[in-house]
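Trainee:
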Amino acid sequence: MNTDFLIIGSGLAGLSYALKIATYYPGKQITIVTKKEASESNTRYAQGGIAIVSDFKSDSFERHIEDTLQCGDGLCNRDVVRLVVEQGPDRLKELISWGVSFDLNNQNSYDLGREGGHSLPRVLHHKDITGFELKKKLLSKIRLCENITILENHFAIDLIVDKVPNLRCNGAYILDTNTQEIITITSGSTILATGGIGHIYGHTTNPFIATGDGIAIAYRAGADIEDMEFVQFHPTVMYRQSNRKAFLISEAVRGFGAYLKNSEGKRFVFKYDERGELASRDIVSRAIYNELKMSNHSCVYLDCTHLDIVSFKESFPTIYHHCLTAGIDVSKDWIPVRPAAHYLCGGIKVDINGQTSVKNLFACGECARTGLHGANRLASNSLLEAVVYAHQIYEYHKIQYTIPDGLKFHKELKKNVAKNAQIHVQSLKEELQILMTESVGIVRTDEALAEAKTKVSHWKRLVARHYSSPPLDLAVGELRNMLTVAGLIIAHSLRRGTNKGGYFNSDRVPFVKELK
(Lines of atoms letter the chains of each structure in order from A and count residues from 1; the text may use other names and numbers.)
(Lines give C-alpha, C1' and ligand atoms only; values in the text may rest on other atoms or scores of the structure.)
Protein backbone atom coordinates (compact mmCIF):
# COMPACT_ATOMS: atom_id res chain seq x y z
CA MET A 1 0.00 0.00 0.00
CA ASN A 2 1.25 3.46 -0.90
CA THR A 3 0.03 6.74 0.59
CA ASP A 4 1.19 10.34 0.43
CA PHE A 5 0.86 11.08 4.16
CA LEU A 6 0.76 8.38 6.82
CA ILE A 7 -0.55 9.41 10.25
CA ILE A 8 -0.22 6.94 13.12
CA GLY A 9 -2.68 7.88 15.85
CA SER A 10 -6.13 9.47 15.93
CA GLY A 11 -6.03 12.01 18.76
CA LEU A 12 -6.37 15.78 18.41
CA ALA A 13 -2.86 16.21 16.96
CA GLY A 14 -3.25 13.58 14.25
CA LEU A 15 -6.80 14.53 13.30
CA SER A 16 -6.17 18.28 13.07
CA TYR A 17 -3.10 17.68 10.90
CA ALA A 18 -5.03 15.27 8.66
CA LEU A 19 -7.89 17.71 8.18
CA LYS A 20 -5.55 20.53 7.17
CA ILE A 21 -3.31 18.57 4.84
CA ALA A 22 -6.26 16.84 3.17
CA THR A 23 -7.85 20.20 2.44
CA TYR A 24 -4.63 21.73 1.10
CA TYR A 25 -3.75 18.69 -1.04
CA PRO A 26 -7.14 17.40 -2.31
CA GLY A 27 -5.37 15.20 -4.84
CA LYS A 28 -3.13 13.49 -2.28
CA GLN A 29 -4.00 10.44 -0.22
CA ILE A 30 -3.90 10.63 3.58
CA THR A 31 -4.02 7.43 5.64
CA ILE A 32 -4.73 7.38 9.38
CA VAL A 33 -3.75 4.23 11.25
CA THR A 34 -5.22 3.66 14.71
CA LYS A 35 -4.92 0.49 16.79
CA LYS A 36 -8.50 0.64 18.12
CA GLU A 37 -11.52 2.66 16.99
CA ALA A 38 -10.74 6.13 15.67
CA SER A 39 -12.77 7.65 18.52
CA GLU A 40 -10.46 6.17 21.19
CA SER A 41 -7.45 8.24 22.28
CA ASN A 42 -6.10 10.27 25.20
CA THR A 43 -7.79 13.34 23.70
CA ARG A 44 -11.22 11.83 24.30
CA TYR A 45 -10.67 11.79 28.07
CA ALA A 46 -9.34 15.33 28.46
CA GLN A 47 -11.71 16.98 30.93
CA GLY A 48 -10.23 20.34 31.80
CA GLY A 49 -9.86 22.15 28.51
CA ILE A 50 -7.40 24.08 26.40
CA ALA A 51 -5.29 26.95 27.75
CA ILE A 52 -5.47 29.94 25.39
CA VAL A 53 -5.26 33.66 26.06
CA SER A 54 -8.63 35.04 24.98
CA ASP A 55 -9.31 37.84 27.47
CA PHE A 56 -6.64 40.42 26.70
CA LYS A 57 -8.04 42.92 29.23
CA SER A 58 -6.93 40.86 32.23
CA ASP A 59 -4.62 38.31 30.62
CA SER A 60 -1.72 38.45 28.17
CA PHE A 61 0.65 36.26 26.20
CA GLU A 62 3.44 37.24 28.59
CA ARG A 63 1.55 35.98 31.65
CA HIS A 64 0.78 32.66 29.96
CA ILE A 65 4.41 32.36 28.89
CA GLU A 66 5.69 33.06 32.41
CA ASP A 67 3.25 30.58 33.97
CA THR A 68 4.46 27.92 31.53
CA LEU A 69 8.13 28.67 32.21
CA GLN A 70 7.64 28.61 35.97
CA CYS A 71 5.80 25.31 35.83
CA GLY A 72 8.50 23.80 33.58
CA ASP A 73 11.09 24.42 36.31
CA GLY A 74 13.75 26.02 34.12
CA LEU A 75 13.79 23.41 31.34
CA CYS A 76 11.31 24.88 28.86
CA ASN A 77 12.49 26.21 25.52
CA ARG A 78 11.41 29.86 25.76
CA ASP A 79 11.14 30.28 21.97
CA VAL A 80 8.87 27.24 21.72
CA VAL A 81 6.75 28.48 24.62
CA ARG A 82 6.25 31.83 22.90
CA LEU A 83 5.43 30.16 19.58
CA VAL A 84 2.77 27.91 21.12
CA VAL A 85 1.19 30.57 23.32
CA GLU A 86 1.02 33.23 20.60
CA GLN A 87 -0.58 30.83 18.11
CA GLY A 88 -3.38 30.12 20.58
CA PRO A 89 -6.01 32.58 19.29
CA ASP A 90 -5.56 31.48 15.65
CA ARG A 91 -5.82 27.81 16.53
CA LEU A 92 -8.92 28.59 18.61
CA LYS A 93 -10.57 30.22 15.58
CA GLU A 94 -9.84 27.07 13.55
CA LEU A 95 -11.35 24.78 16.15
CA ILE A 96 -14.49 26.91 16.27
CA SER A 97 -14.67 26.91 12.45
CA TRP A 98 -14.65 23.10 12.61
CA GLY A 99 -17.69 23.15 14.88
CA VAL A 100 -16.08 22.86 18.31
CA SER A 101 -18.02 24.76 20.96
CA PHE A 102 -16.78 26.17 24.27
CA ASP A 103 -18.84 27.19 27.28
CA LEU A 104 -19.96 30.80 27.66
CA ASN A 105 -20.83 32.73 30.83
CA ASN A 106 -23.83 34.97 31.54
CA GLN A 107 -22.10 37.86 29.75
CA ASN A 108 -21.80 35.72 26.60
CA SER A 109 -18.01 35.64 26.99
CA TYR A 110 -15.92 32.50 27.34
CA ASP A 111 -16.40 30.84 30.71
CA LEU A 112 -12.73 30.55 31.58
CA GLY A 113 -11.55 28.00 34.13
CA ARG A 114 -8.46 28.23 36.30
CA GLU A 115 -6.16 25.29 36.95
CA GLY A 116 -2.97 24.62 38.90
CA GLY A 117 0.01 26.75 37.88
CA HIS A 118 -2.10 29.38 36.07
CA SER A 119 -1.98 32.86 37.56
CA LEU A 120 -5.57 33.55 36.48
CA PRO A 121 -8.43 31.88 34.55
CA ARG A 122 -7.67 31.16 30.88
CA VAL A 123 -8.83 27.59 30.23
CA LEU A 124 -11.58 27.22 27.64
CA HIS A 125 -13.74 24.16 28.14
CA HIS A 126 -16.85 22.28 27.06
CA LYS A 127 -18.40 21.29 30.41
CA ASP A 128 -16.03 18.61 31.75
CA ILE A 129 -15.82 16.68 28.46
CA THR A 130 -13.69 19.04 26.36
CA GLY A 131 -11.66 16.25 24.79
CA PHE A 132 -14.78 14.33 23.81
CA GLU A 133 -16.19 17.45 22.15
CA LEU A 134 -12.97 18.04 20.19
CA LYS A 135 -12.75 14.42 19.07
CA LYS A 136 -16.38 14.22 18.00
CA LYS A 137 -16.34 17.41 15.92
CA LEU A 138 -13.00 16.70 14.19
CA LEU A 139 -13.90 13.11 13.36
CA SER A 140 -17.16 14.24 11.79
CA LYS A 141 -15.18 16.63 9.54
CA ILE A 142 -12.56 13.98 8.76
CA ARG A 143 -15.16 11.47 7.61
CA LEU A 144 -16.35 13.96 4.97
CA CYS A 145 -12.90 14.12 3.36
CA GLU A 146 -12.77 11.73 0.41
CA ASN A 147 -8.96 11.64 0.37
CA ILE A 148 -8.64 10.45 3.98
CA THR A 149 -8.69 6.74 4.78
CA ILE A 150 -8.96 5.59 8.40
CA LEU A 151 -7.62 2.12 9.16
CA GLU A 152 -9.11 1.13 12.50
CA ASN A 153 -7.81 -1.87 14.48
CA HIS A 154 -4.41 -1.54 12.82
CA PHE A 155 -1.25 -1.58 14.93
CA ALA A 156 2.07 -0.05 13.87
CA ILE A 157 4.74 -2.71 14.43
CA ASP A 158 7.80 -0.78 13.25
CA LEU A 159 8.84 1.99 10.90
CA ILE A 160 10.41 1.37 7.50
CA VAL A 161 13.79 3.06 7.70
CA ASP A 162 16.64 3.38 5.20
CA LYS A 163 19.92 3.81 7.08
CA VAL A 164 22.18 4.78 4.19
CA PRO A 165 23.32 7.46 3.57
CA ASN A 166 21.23 8.90 6.45
CA LEU A 167 18.28 7.71 8.49
CA ARG A 168 15.13 8.14 6.43
CA CYS A 169 11.60 6.93 7.18
CA ASN A 170 9.58 5.59 4.27
CA GLY A 171 6.46 4.37 6.04
CA ALA A 172 5.59 1.59 8.45
CA TYR A 173 4.79 -2.09 8.86
CA ILE A 174 1.22 -2.37 10.10
CA LEU A 175 -0.58 -5.34 11.67
CA ASP A 176 -4.29 -5.72 10.91
CA THR A 177 -5.40 -7.02 14.30
CA ASN A 178 -8.62 -8.46 12.86
CA THR A 179 -6.98 -10.61 10.15
CA GLN A 180 -3.43 -10.84 11.60
CA GLU A 181 -2.15 -9.71 8.19
CA ILE A 182 0.97 -7.54 8.08
CA ILE A 183 0.66 -4.64 5.64
CA THR A 184 3.56 -2.62 4.27
CA ILE A 185 2.56 1.04 3.91
CA THR A 186 5.03 3.35 2.20
CA SER A 187 4.68 7.10 2.54
CA GLY A 188 6.49 10.30 1.66
CA SER A 189 5.90 11.58 5.19
CA THR A 190 5.05 9.68 8.36
CA ILE A 191 3.56 11.51 11.34
CA LEU A 192 3.54 9.91 14.78
CA ALA A 193 0.63 11.15 16.90
CA THR A 194 0.30 8.14 19.16
CA GLY A 195 -0.34 9.77 22.53
CA GLY A 196 0.98 8.80 25.94
CA ILE A 197 2.49 6.05 28.05
CA GLY A 198 0.15 5.90 31.06
CA HIS A 199 -0.50 2.15 31.08
CA ILE A 200 3.12 1.42 31.81
CA TYR A 201 1.97 2.36 35.33
CA GLY A 202 -0.59 0.46 37.38
CA HIS A 203 -2.70 3.50 38.25
CA THR A 204 -3.30 5.95 35.42
CA THR A 205 -5.84 8.36 33.97
CA ASN A 206 -5.00 7.19 30.44
CA PRO A 207 -7.10 4.78 28.37
CA PHE A 208 -5.82 1.24 27.86
CA ILE A 209 -4.36 2.13 24.46
CA ALA A 210 -1.71 4.46 25.98
CA THR A 211 1.28 2.10 25.88
CA GLY A 212 3.95 4.36 24.38
CA ASP A 213 3.86 2.77 20.93
CA GLY A 214 5.00 5.79 18.91
CA ILE A 215 7.97 6.48 21.17
CA ALA A 216 9.03 2.83 21.07
CA ILE A 217 8.92 2.49 17.30
CA ALA A 218 10.68 5.85 16.84
CA TYR A 219 13.43 4.74 19.24
CA ARG A 220 13.91 1.46 17.37
CA ALA A 221 14.12 3.47 14.14
CA GLY A 222 16.99 5.54 15.57
CA ALA A 223 15.13 8.74 16.46
CA ASP A 224 16.39 10.89 19.34
CA ILE A 225 14.35 10.54 22.55
CA GLU A 226 14.60 13.09 25.38
CA ASP A 227 13.29 13.91 28.88
CA MET A 228 11.61 10.55 29.52
CA GLU A 229 12.16 10.93 33.26
CA PHE A 230 9.52 13.65 33.44
CA VAL A 231 6.31 11.70 33.97
CA GLN A 232 3.54 13.91 35.30
CA PHE A 233 1.17 12.49 37.90
CA HIS A 234 -2.28 14.01 38.18
CA PRO A 235 -2.92 14.76 41.87
CA THR A 236 -6.65 14.08 42.06
CA VAL A 237 -7.80 10.77 40.68
CA MET A 238 -10.70 9.02 42.38
CA TYR A 239 -9.46 6.25 44.65
CA ARG A 240 -11.45 3.03 44.84
CA GLN A 241 -9.84 0.08 46.58
CA SER A 242 -11.57 -2.54 44.46
CA ASN A 243 -10.86 -1.06 41.04
CA ARG A 244 -7.57 0.16 39.57
CA LYS A 245 -9.26 1.85 36.63
CA ALA A 246 -8.79 5.54 37.37
CA PHE A 247 -11.36 8.29 36.98
CA LEU A 248 -9.91 11.77 36.78
CA ILE A 249 -11.29 14.55 38.96
CA SER A 250 -10.35 17.54 36.82
CA GLU A 251 -7.94 20.12 38.15
CA ALA A 252 -10.63 22.62 37.25
CA VAL A 253 -12.57 21.37 40.30
CA ARG A 254 -9.78 22.76 42.52
CA GLY A 255 -9.82 25.89 40.38
CA PHE A 256 -13.55 26.05 41.15
CA GLY A 257 -12.68 26.17 44.86
CA ALA A 258 -12.46 22.57 46.15
CA TYR A 259 -10.13 21.83 49.08
CA LEU A 260 -7.66 19.00 49.49
CA LYS A 261 -7.78 17.48 52.99
CA ASN A 262 -5.79 14.76 54.69
CA SER A 263 -7.06 11.88 56.83
CA GLU A 264 -7.39 14.29 59.78
CA GLY A 265 -9.66 16.57 57.77
CA LYS A 266 -7.07 19.33 57.49
CA ARG A 267 -6.02 21.26 54.40
CA PHE A 268 -2.35 20.51 53.87
CA VAL A 269 -1.00 21.77 50.52
CA PHE A 270 -0.18 25.22 51.94
CA LYS A 271 2.51 23.52 54.03
CA TYR A 272 4.35 22.85 50.78
CA ASP A 273 3.47 25.79 48.53
CA GLU A 274 1.88 29.19 49.07
CA ARG A 275 -0.50 28.56 46.14
CA GLY A 276 -2.09 25.68 48.02
CA GLU A 277 -4.42 23.54 45.91
CA LEU A 278 -3.52 25.58 42.83
CA ALA A 279 0.19 24.83 42.91
CA SER A 280 1.59 22.97 39.92
CA ARG A 281 0.85 19.27 39.59
CA ASP A 282 4.30 18.04 40.57
CA ILE A 283 4.15 19.88 43.89
CA VAL A 284 0.57 18.85 44.72
CA SER A 285 1.28 15.23 43.82
CA ARG A 286 4.38 15.13 46.03
CA ALA A 287 2.47 16.84 48.84
CA ILE A 288 -0.18 14.11 48.68
CA TYR A 289 2.52 11.44 48.49
CA ASN A 290 4.10 12.83 51.65
CA GLU A 291 0.78 13.02 53.53
CA LEU A 292 -0.01 9.40 52.63
CA LYS A 293 3.44 8.29 53.70
CA MET A 294 3.13 10.03 57.09
CA SER A 295 -0.43 8.88 57.76
CA ASN A 296 -0.19 5.39 56.24
CA HIS A 297 -3.56 6.02 54.58
CA SER A 298 -4.46 5.03 51.03
CA CYS A 299 -5.91 8.38 49.94
CA VAL A 300 -6.58 12.00 50.74
CA TYR A 301 -9.87 13.79 50.08
CA LEU A 302 -11.26 16.47 47.81
CA ASP A 303 -13.87 18.51 49.67
CA CYS A 304 -16.50 20.21 47.51
CA THR A 305 -19.22 20.43 50.16
CA HIS A 306 -18.83 24.19 50.62
CA LEU A 307 -19.33 24.91 46.91
CA ASP A 308 -22.53 25.97 45.13
CA ILE A 309 -23.82 22.55 44.11
CA VAL A 310 -26.04 23.92 41.31
CA SER A 311 -23.08 25.62 39.65
CA PHE A 312 -20.93 22.54 40.29
CA LYS A 313 -23.41 20.26 38.50
CA GLU A 314 -23.59 22.70 35.57
CA SER A 315 -19.79 22.92 35.26
CA PHE A 316 -18.91 19.27 35.99
CA PRO A 317 -21.91 17.09 35.08
CA THR A 318 -19.80 14.05 34.17
CA ILE A 319 -17.77 14.20 37.38
CA TYR A 320 -20.91 14.78 39.49
CA HIS A 321 -22.76 11.79 38.04
CA HIS A 322 -19.71 9.52 38.13
CA CYS A 323 -19.26 10.29 41.83
CA LEU A 324 -22.96 9.71 42.45
CA THR A 325 -22.73 6.34 40.73
CA ALA A 326 -19.84 5.48 43.07
CA GLY A 327 -21.99 6.39 46.08
CA ILE A 328 -20.47 9.84 46.61
CA ASP A 329 -22.74 12.88 46.83
CA VAL A 330 -20.27 15.76 46.39
CA SER A 331 -22.64 18.15 48.19
CA LYS A 332 -22.23 16.05 51.38
CA ASP A 333 -19.31 13.65 50.88
CA TRP A 334 -15.61 14.09 50.32
CA ILE A 335 -14.13 12.46 47.22
CA PRO A 336 -11.28 10.02 47.99
CA VAL A 337 -8.35 10.83 45.68
CA ARG A 338 -4.70 10.03 45.10
CA PRO A 339 -2.22 10.75 42.27
CA ALA A 340 -2.02 8.65 39.12
CA ALA A 341 0.25 8.63 36.06
CA HIS A 342 -1.17 11.19 33.68
CA TYR A 343 1.17 12.75 31.10
CA LEU A 344 4.66 12.35 29.67
CA CYS A 345 6.53 15.64 29.25
CA GLY A 346 9.34 14.04 27.24
CA GLY A 347 9.26 11.84 24.17
CA ILE A 348 10.44 11.95 20.57
CA LYS A 349 12.64 15.00 20.11
CA VAL A 350 11.33 17.31 17.37
CA ASP A 351 12.33 20.69 16.00
CA ILE A 352 10.09 23.70 15.48
CA ASN A 353 8.58 22.00 12.40
CA GLY A 354 7.76 18.80 14.28
CA GLN A 355 10.54 16.95 12.45
CA THR A 356 12.44 14.21 14.27
CA SER A 357 16.11 13.32 13.79
CA VAL A 358 14.96 10.80 11.15
CA LYS A 359 14.24 12.35 7.74
CA ASN A 360 10.56 12.31 6.68
CA LEU A 361 9.46 11.32 10.21
CA PHE A 362 7.43 13.83 12.24
CA ALA A 363 5.79 13.74 15.65
CA CYS A 364 3.18 15.82 17.46
CA GLY A 365 0.99 15.54 20.53
CA GLU A 366 2.01 13.77 23.72
CA CYS A 367 4.50 11.42 22.05
CA ALA A 368 6.61 14.43 20.95
CA ARG A 369 9.12 16.33 23.06
CA THR A 370 8.84 19.87 21.71
CA GLY A 371 10.43 21.81 24.57
CA LEU A 372 7.15 23.40 25.65
CA HIS A 373 6.65 21.54 28.91
CA GLY A 374 10.17 21.36 30.27
CA ALA A 375 10.21 19.30 33.46
CA ASN A 376 6.49 19.66 34.19
CA ARG A 377 3.47 20.50 32.02
CA LEU A 378 1.30 23.47 32.84
CA ALA A 379 -2.32 22.29 33.06
CA SER A 380 -4.28 22.34 29.77
CA ASN A 381 -1.25 23.29 27.66
CA SER A 382 -1.24 19.86 26.02
CA LEU A 383 -4.26 20.32 23.76
CA LEU A 384 -2.85 23.68 22.67
CA GLU A 385 0.53 22.09 21.92
CA ALA A 386 -1.19 19.36 19.89
CA VAL A 387 -2.95 21.75 17.51
CA VAL A 388 0.02 24.11 17.25
CA TYR A 389 2.53 21.41 16.31
CA ALA A 390 0.07 19.77 13.94
CA HIS A 391 -0.11 23.19 12.29
CA GLN A 392 3.69 23.52 12.23
CA ILE A 393 4.03 20.18 10.42
CA TYR A 394 1.27 21.21 8.03
CA GLU A 395 3.03 24.50 7.22
CA TYR A 396 6.28 22.62 6.60
CA HIS A 397 4.57 20.20 4.21
CA LYS A 398 3.02 23.06 2.26
CA ILE A 399 6.57 24.02 1.31
CA GLN A 400 8.45 20.72 1.37
CA TYR A 401 6.82 17.48 0.34
CA THR A 402 8.52 14.17 -0.51
CA ILE A 403 7.06 11.87 -3.14
CA PRO A 404 6.77 8.44 -1.49
CA ASP A 405 8.94 5.61 -2.75
CA GLY A 406 7.23 2.61 -4.31
CA LEU A 407 6.81 -0.72 -2.57
CA LYS A 408 9.58 -2.23 -4.67
CA PHE A 409 12.18 -0.37 -2.65
CA HIS A 410 11.19 -2.00 0.62
CA LYS A 411 11.30 -5.53 1.86
CA GLU A 412 8.08 -7.20 2.78
CA LEU A 413 7.87 -8.03 6.45
CA LYS A 414 7.09 -11.73 6.51
CA LYS A 415 5.23 -13.48 9.27
CA ASN A 416 7.57 -15.62 11.28
CA VAL A 417 6.39 -18.85 12.81
CA ALA A 418 5.11 -18.03 16.29
CA LYS A 419 7.20 -19.51 19.06
CA ASN A 420 5.61 -21.34 21.96
CA ALA A 421 4.72 -18.71 24.51
CA GLN A 422 6.27 -19.70 27.82
CA ILE A 423 5.34 -16.49 29.60
CA HIS A 424 1.94 -14.94 30.11
CA VAL A 425 1.62 -11.50 28.53
CA GLN A 426 -0.99 -10.10 30.89
CA SER A 427 0.79 -11.18 34.06
CA LEU A 428 4.06 -9.68 32.82
CA LYS A 429 2.28 -6.41 31.98
CA GLU A 430 0.91 -6.29 35.50
CA GLU A 431 4.34 -6.98 36.99
CA LEU A 432 5.75 -4.12 34.92
CA GLN A 433 2.98 -1.77 36.03
CA ILE A 434 3.59 -2.59 39.70
CA LEU A 435 7.34 -2.11 39.27
CA MET A 436 6.95 1.27 37.57
CA THR A 437 4.41 2.50 40.14
CA GLU A 438 6.53 1.48 43.13
CA SER A 439 10.05 2.18 41.83
CA VAL A 440 9.71 4.79 39.06
CA GLY A 441 6.83 6.87 40.37
CA ILE A 442 6.35 10.21 42.12
CA VAL A 443 9.42 9.74 44.34
CA ARG A 444 12.38 7.61 43.17
CA THR A 445 15.70 6.39 44.58
CA ASP A 446 18.90 5.32 42.86
CA GLU A 447 18.66 1.83 44.35
CA ALA A 448 15.08 1.28 43.21
CA LEU A 449 15.88 2.59 39.73
CA ALA A 450 18.89 0.26 39.41
CA GLU A 451 16.79 -2.73 40.45
CA ALA A 452 14.04 -1.70 38.02
CA LYS A 453 16.59 -1.46 35.22
CA THR A 454 17.74 -5.03 35.88
CA LYS A 455 14.18 -6.39 35.93
CA VAL A 456 13.08 -4.59 32.75
CA SER A 457 16.21 -5.75 30.90
CA HIS A 458 15.46 -9.33 31.96
CA TRP A 459 11.84 -9.09 30.81
CA LYS A 460 12.88 -7.66 27.44
CA ARG A 461 15.16 -10.67 26.87
CA LEU A 462 12.37 -12.99 27.98
CA VAL A 463 9.91 -11.52 25.50
CA ALA A 464 12.49 -11.63 22.70
CA ARG A 465 13.13 -15.34 23.36
CA HIS A 466 9.58 -16.54 23.68
CA TYR A 467 7.62 -14.56 21.12
CA SER A 468 7.96 -14.21 17.37
CA SER A 469 9.39 -11.09 15.83
CA PRO A 470 7.59 -9.19 14.43
CA PRO A 471 4.80 -9.60 17.00
CA LEU A 472 1.72 -11.27 15.54
CA ASP A 473 -0.52 -10.26 18.39
CA LEU A 474 -1.54 -6.80 19.66
CA ALA A 475 -0.93 -7.66 23.32
CA VAL A 476 2.60 -8.89 22.59
CA GLY A 477 3.33 -5.83 20.46
CA GLU A 478 2.14 -3.51 23.22
CA LEU A 479 4.19 -5.36 25.83
CA ARG A 480 7.28 -5.04 23.64
CA ASN A 481 6.70 -1.29 23.39
CA MET A 482 5.89 -0.87 27.08
CA LEU A 483 9.17 -2.53 28.04
CA THR A 484 11.07 -0.32 25.58
CA VAL A 485 9.54 2.85 27.00
CA ALA A 486 9.93 1.70 30.62
CA GLY A 487 13.62 1.13 29.92
CA LEU A 488 13.94 4.65 28.54
CA ILE A 489 12.21 6.22 31.56
CA ILE A 490 14.51 4.33 33.92
CA ALA A 491 17.67 5.13 31.93
CA HIS A 492 16.85 8.84 31.71
CA SER A 493 15.99 8.89 35.42
CA LEU A 494 19.31 7.32 36.37
CA ARG A 495 21.32 9.88 34.42
CA ARG A 496 19.51 12.95 35.82
CA GLY A 497 21.63 14.53 38.52
CA THR A 498 19.20 17.08 39.97
CA ASN A 499 15.52 17.14 40.83
CA LYS A 500 13.40 19.07 38.39
CA GLY A 501 9.62 19.37 38.00
CA GLY A 502 8.04 15.94 37.68
CA TYR A 503 11.31 14.14 38.49
CA PHE A 504 12.07 13.73 42.18
CA ASN A 505 14.78 11.46 43.57
CA SER A 506 14.93 11.41 47.37
CA ASP A 507 18.65 10.59 47.21
CA ARG A 508 19.25 14.03 45.73
CA VAL A 509 17.69 16.22 48.43
CA PRO A 510 15.59 15.69 51.59
CA PHE A 511 11.97 15.39 50.61
CA VAL A 512 10.33 17.91 52.92
CA LYS A 513 13.11 20.47 52.37
CA GLU A 514 12.47 20.29 48.62
CA LEU A 515 8.75 20.90 49.07
CA LYS A 516 9.13 23.79 51.49
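In our numbering, the protein residues as written are 4 to 519. Glycine is no exception: its CB is placed at the ideal position from the N, C-alpha and C atoms.
For Lys-432 and Lys-38, what's the separation of their Cα atoms in angstroms?
Mentor: Distance between the alpha carbons of Lys-432 and Lys-38 is about 18 Å.
Trainee: Which residues in the same chain have their Cβ closer than 8 Å to the Cβ of Ser-63, if we skip the five residues on either side of it in sequence?
Mentor: Excluding residues within five positions, the ones whose Cβ falls inside 8 Å are Val-56.
Trainee: Please return the same chain residues whose Cβ sits closer than 7 Å to the Cβ of Ile-24, not counting the five positions on each side in sequence.
Mentor: Around Ile-24: Phe-8, Ile-33, Tyr-397 and His-400.
Trainee: Can you give me the C-alpha to C-alpha distance between Leu-386 and Val-84, rounded to a whole angstrom?
Mentor: Those two C-alpha atoms are separated by around 14 Å.
Trainee: Give me the DSSP bridge partner(s) of Arg-171.
Mentor: Paired residues: Asp-165 and Lys-362.
Trainee: Measure the C-alpha to C-alpha separation of Gly-374 and Ala-382 and round it to an integer number of angstroms.
Mentor: Rounded to the nearest angstrom, the two C-alpha atoms are 15 Å apart.
Trainee: With DSSP collapsed to three states, give me the class of Val-87.
Mentor: Helix, per DSSP.
Trainee: Could you tell me whether the Cβ atoms of Val-87 and His-67 are closer together than 7 Å?
Mentor: No, these two residues do not count as a Cβ contact at 7 Å.
Trainee: Look up Arg-372 in the DSSP assignment and say whether it is helix, strand or coil.
Mentor: Note: Arg-372 maps to strand in three-state DSSP.
Trainee: Are the CB atoms of Gly-116 and Ala-344 within a distance shorter than 7 Å?
Mentor: Result no, Cβ atoms of Ala-344 and Gly-116 do not sit closer than 7 Å.
Trainee: Taking the beta strand (DSSP E) that Phe-315 belongs to, which residues open and close that run?
Mentor: Segment 312 to 318 is the alpha helix (DSSP H) holding Phe-315; no beta strand (DSSP E) there.
Trainee: In chain order, what residues of the same chain lie with their CB nearer than 7 Å to the CB of Leu-18, ignoring the 5 residues before and after it?
Mentor: These residues qualify, in order along the chain: Leu-141, Leu-142 and Ile-145.
Trainee: With a threshold of 7 Å on Cβ separation, who are the neighbours of Asn-3 within its own chain once the five nearest residues in sequence on each side are excluded?
Mentor: Nothing can be reported for residue 3, as the shown portion of the chain is limited to 4 through 519.
Trainee: Does Asn-363 pass the burial test, meaning 16 or more other C-beta atoms within 10 Å, or should it be called exposed?
Mentor: By the neighbour-count rule (16 or more Cβ atoms within 10 Å), Asn-363 is buried.
Trainee: Using DSSP's beta-bridge definition, name the partner residues of Gln-235.
Mentor: Gln-235 pairs with Tyr-346.
Trainee: Where does Gln-183 land, buried or exposed, given buried means 16+ other C-beta within 10 angstroms?
Mentor: Gln-183 should be labelled exposed.
Trainee: Determine the contact status of Asn-293 and Cys-74, defining contact as a CB-CB distance below 7 Å.
Mentor: No, they are not a contact pair.
Trainee: Of all the options Lys-316, Met-241, Lys-352 and Pro-210, which has the alpha carbon lying nearest to the alpha carbon of Ala-221?
Mentor: Ranking Lys-316, Met-241, Lys-352 and Pro-210 by Cα distance to Ala-221 puts Lys-352 first.
Trainee: Pull up the distance between the alpha-carbon of Thr-321 and that of Ile-492, whole angstroms please.
Mentor: Each residue's Cα considered, the two are about 33 Å apart.
Trainee: Going by DSSP, what residue range makes up the beta strand (DSSP E) through Tyr-304?
Mentor: Residues 303 to 306.
Trainee: How is the alpha helix (DSSP H) around Lys-463 delimited, first residue to last?
Mentor: Its alpha helix (DSSP H) spans residues 449 to 469.
Trainee: For Ala-226, tell me which candidate among Asn-209, Ile-194 and Arg-289 has the shortest Cα-Cα distance.
Mentor: Answer by Cα proximity: Ile-194.
Trainee: Using the three-state DSSP reduction, which class does Val-479 fall into: helix, strand or coil?
Mentor: Val-479 falls in the helix class under three-state DSSP.
Trainee: Run through the DSSP bridge pairs and tell me what Gly-500 is partnered with.
Mentor: Its beta-bridge partners do not exist; DSSP assigns none.
Trainee: In the DSSP assignment, find the alpha helix (DSSP H) that holds Thr-26 and state where it starts and stops.
Mentor: Per DSSP, Thr-26 belongs to the alpha helix (DSSP H) from 15 to 27.
Trainee: Give a yes or no on whether the C-beta atoms belonging to Pro-210 and Val-287 are separated by under 7 Å.
Mentor: Against a cut-off of 7 Å, the Cβ pair of Val-287 and Pro-210 comes out as no contact.
Trainee: Here's a check: name, in chain order, each residue in its chain whose Cβ is nearer than 7 Å to the Cβ of Thr-197, leaving out the five neighbours to either side.
Mentor: The residues are Ile-11, Gly-12, Asp-216, Gly-217 and Cys-370.
Trainee: For a test of the three-state rule: what should DSSP assign to Tyr-399, helix, strand or coil?
Mentor: The answer is helix: DSSP assigns Tyr-399 an H, G or I state.
Trainee: For Leu-381, which of helix, strand or coil comes out of DSSP?
Mentor: Correct three-state label for Leu-381: coil.
Trainee: By Cβ distance below 8 Å, which residues in the same chain neighbour Leu-486 in space, the five residues on each side in sequence not counted?
Mentor: Excluding residues within five positions, the ones whose Cβ falls inside 8 Å are Leu-435, Val-459, Trp-462, Lys-463 and Val-466.
Trainee: Just tell me which of Arg-47, Ala-16 and Tyr-323 has its CA closest to the CA of Val-333.
Mentor: Nearest of Arg-47, Ala-16 and Tyr-323 to Val-333, Cα basis: Tyr-323.
Trainee: Looking at the secondary structure, which residues open and close the alpha helix (DSSP H) in which Met-293 lies?
Mentor: According to the sequence as given, residue 293 is Asn; it is not Met. Counting along the chain, the alpha helix (DSSP H) containing Asn-293 begins and ends at 284 to 298.
Trainee: Would you mind reading off the limits of the alpha helix (DSSP H) that contains Gly-258?
Mentor: From DSSP, the alpha helix (DSSP H) with Gly-258 extends over 254 to 258.
Trainee: Return the CA-CA distance between Leu-438 and Ala-478, expressed in angstroms with no decimal places.
Mentor: Rounded to the nearest angstrom, the two C-alpha atoms are 19 Å apart.
Trainee: In chain order, which beta strand (DSSP E) runs of at least 3 residues are fully inside the region 81 to 168?
Mentor: Here the runs fully enclosed are 151 to 154 and 157 to 165.
Trainee: Taking the C-alpha atoms as reference points, what is the distance between Val-512 and Ala-290?
Mentor: Each residue's Cα considered, the two are about 15 Å apart.
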